[in-house]
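*Asks:* Before I ask anything, let me first share the structure, which is written out below as structure tokens.
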Amino acid sequence: MLPTSHHSRSFLSGIILAAGASRRMGQPKQLMWFGDRPLLQHVLEVAAASCLDEIVLVLGHRAEAVRQAIQLPVECPVTVVVNADYEQGQSTSLRAGLSAADSRADGAAVLLGDQPGVTGGLIGRVAAAFAGADAPVARPLYCADGRRIPGHPVFLARRIWPEVDQLQGDHGARALLAAHPDWVLEVSIEGAPPADIDTWDDYRRTVPPAARGAGS
């Protein structure tokens, strides 16, 4: 049984996973146009304007090109980490992000760099539940059309980071949460989960034509 923490959380990190090779897109999806900015820029700005105290941005594939194409927000400290092992799966990026988090962090919110529908309000709502319940893990549970779908952001208390550090492959924290369902606080959110942009069809469904770049 996992022990509970005995202090209130006062510092939350945000880990944005944006290291993937975007093989199904044929180009870095982090830099696909989303309104007047790259997709990753939008995700970064939403996270920086939320309740999170710092952001750790994990890059990998074409890291230098991605880094040069975005501007780091000034309202929140941002640390950029390059995961040289990104081809070994999302778990390597998660480990890289957590290892770079501020030592004051009591927990971290894991966000995806290809999920522009996540809002600051959503981050704040899950963060409040996470802190209030002193849960090892908290995540939104989207409720739409009779379905209940878990999603991001996923908040991980520091006390389980050693367990996260043992993960392998491309499943992120999913295997850990499946093995320990009693750790997970699910926060009900009405509506469908924000779309992941993994393919061109995803991009065209998610981003209105007027907000896309040329050729898309």
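Residue numbering for the sequence shown follows numbering that gives the first Met the number 0, starting at 0 and increasing by one per position.
Note that CB positions come from ideal geometry on N, CA and C, so glycine has one too.
This structure is a prediction, so every number in the text was calculated from the model and none was measured.
#1: Can you give me the C-alpha to C-alpha distance between residue 19 and residue 59, rounded to a whole angstrom?
#2: Contact between the segment 72–84 and the segment 43–63: three or more CB pairs below 8 Å?
#3: What are the start and end residues of the beta strand (DSSP E) that includes residue 192?
#4: Specify the secondary structure class of residue 166 as computed by DSSP and reduced to three states.
#5: Since I believe residue 172 is in contact with residue 109 (beta carbons under 8 Å), could you give me their beta-carbon distance rounded to a whole number of angstroms?
#6: Taking the Cβ atom as the reference point for each residue, do residue 83 and residue 27 lie within a distance shorter than 8 Å?
#7: DSSP on residue 122, reduced to helix/strand/coil?
#8: Please state whether DSSP places residue 9 in a helix, a strand or coil.
*Replies:* According to the structure data:
#1: Locating residue 19 in the sequence shown gives position 20, counting from the first residue. Locating residue 59 in the sequence shown gives position 60, counting from the first residue. Taking the straight line joining both Cα atoms gives about 6 Å.
#2: They touch, by the three-pair rule.
#3: Position 193 of the sequence shown holds residue 192. No beta strand (DSSP E) contains residue 192, which DSSP labels as neither H nor E.
#4: The count along the sequence shown starts at 1 and reaches residue 166 at position 167. Here residue 166 sits in coil by DSSP.
#5: Reading the sequence shown from its first residue, position 110 is the one you call residue 109. Reading the sequence shown from its first residue, position 173 is the one you call residue 172. About 7 Å; that satisfies the 8 Å criterion.
#6: Taking the first residue of the sequence shown as 1, we reach residue 83 at position 84. Taking the first residue of the sequence shown as 1, we reach residue 27 at position 28. Residue 27 sits away from residue 83, with the two beta carbons spaced by 8 Å or more.
#7: Taking the first residue of the sequence shown as position 1, residue 122 is located at position 123. If DSSP states are grouped into helix, strand and coil, residue 122 belongs with the helices.
#8: In the sequence shown, the residue the question calls residue 9 occupies position 10. In this structure, residue 9 counts as coil in the three-state DSSP scheme.
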